[in-house]
Amino acid sequence: FPAFLLLYFAVRRQWRVVFTAAVTFAAANLMAGLIFGWRCFHTYAVEVMPNVGTFRDTWPNASLMGLWCKLFDAPSGHVEPLWQNPLCAQLAYFASSAVVVALVAWKMRQAEGRRQADVAFALCTIGMLLVSPVVWDHYFLLLILPLAILWKAVGPSFRKRAVILSAICVLLTIQPRWVWDAVIPGDGEGISGIGKVSSVALPIHTLTVISMQLYMVLALFVLAYLQVKRIVIKDADRSIGA
21 FPAFLLLYFA VRRQWRVVFT AAVTFAAANL MAGLIFGWRC FHTYAVEVMP NVGTFRDTWP
81 NASLMGLWCK LFDAPSGHVE PLWQNPLCAQ LAYFASSAVV VALVAWKMRQ AEGRRQADVA
141 FALCTIGMLL VSPVVWDHYF LLLILPLAIL WKAVGPSFRK RAVILSAICV LLTIQPRWVW
201 DAVIPGDGEG ISGIGKVSSV ALPIHTLTVI SMQLYMVLAL FVLAYLQVKR IVIKDADRSI
261 GA
């Protein structure tokens, strides 16, 4: 993350973009090392990355990893797991991520025209959020371009545009803690102090209100996947008719 977006250009064999991204990444890190000192990389690898991993089972993590950790690997105490089994969480994450990557790669291979390529890029961006280990609510700003692409691609379809409007509402408008505080008993996740106990989400909460953002991202993924297929079939029919 966000190197996942390079999958789009690699599958389409746009190697110049991949090479430019790699060079830019190396140059940016070289500049960071020269300015901040090379120890910053050691600090990031040894201290920052392991600490980020401790947030995978927290309520706001809206990725596939977040879902599976809340259900099967929740050591932080923020949620009650359905079954505490870290191996099951890892296997479920890798299996679901493999499905997402395979579907994204397949549709990117099919995309030929500009319209197909645009929707395939939107699909890739949405897939990136699904497979990223940690996704916070501010990550959804990355969906602004995919949402615009899908809005144009689906045309006047009321049902499809209703899905897009629902995504804008759930992902970019509503603060999820408003829903959590109204549904989950207690004082909210992470609150502590005299006379207060942090809320602990049950599996039913994990599968419903806590995962509503993930479900919305999944709905967008399905919409983008089907839209690429629809454009491919429509363009093929036009070619036959011509």
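Once you know that position 43 of the sequence shown is 63 in my numbering, the rest is easy, because the numbers rise by one and skip nothing.
The beta carbon of each residue, even a glycine, is placed where N, CA and C say it ideally should be.
- Beta-bridge partners of Val99 (DSSP): Ala221.
- Shown here for Leu26: same chain residues with a beta carbon closer than 8 Å to its own, the five before and five after excluded, namely Val37, Val38, Ala41 in chain order.
- Contact check for Ile184 against Leu167 passes: the beta carbons are separated by less than 7 Å.
- Per the coordinates, the alpha-carbon of Glu209 lies some 12 Å from the alpha-carbon of Glu100.
- Here Ala244 really is in contact with Leu143; their C-beta atoms are around 4 Å apart, less than 8 Å.
- Around the beta carbon of Phe241, 16 or more other beta carbons lie within 10 angstroms, which makes this residue buried.
- The segment 77-84 and the segment 53-66 do not touch, with fewer than 3 CB-CB distances between them shorter than 8 Å.
- The alpha-carbon separation between Val139 and Leu238 amounts to approximately 15 Å.
- DSSP, read as helix, strand or coil, puts Asn49 in helix.
- Counting along the chain, the unbroken alpha helix (DSSP H) around Asp201 starts and ends at 196-203.
- In the structure shown, Gln34 falls within a coil segment according to DSSP collapsed to helix, strand and coil.
- Per DSSP, Thr193 lies in no alpha helix (DSSP H) and is assigned neither H nor E.
- For Leu149, the enclosing alpha helix (DSSP H) begins and ends at 134-151.
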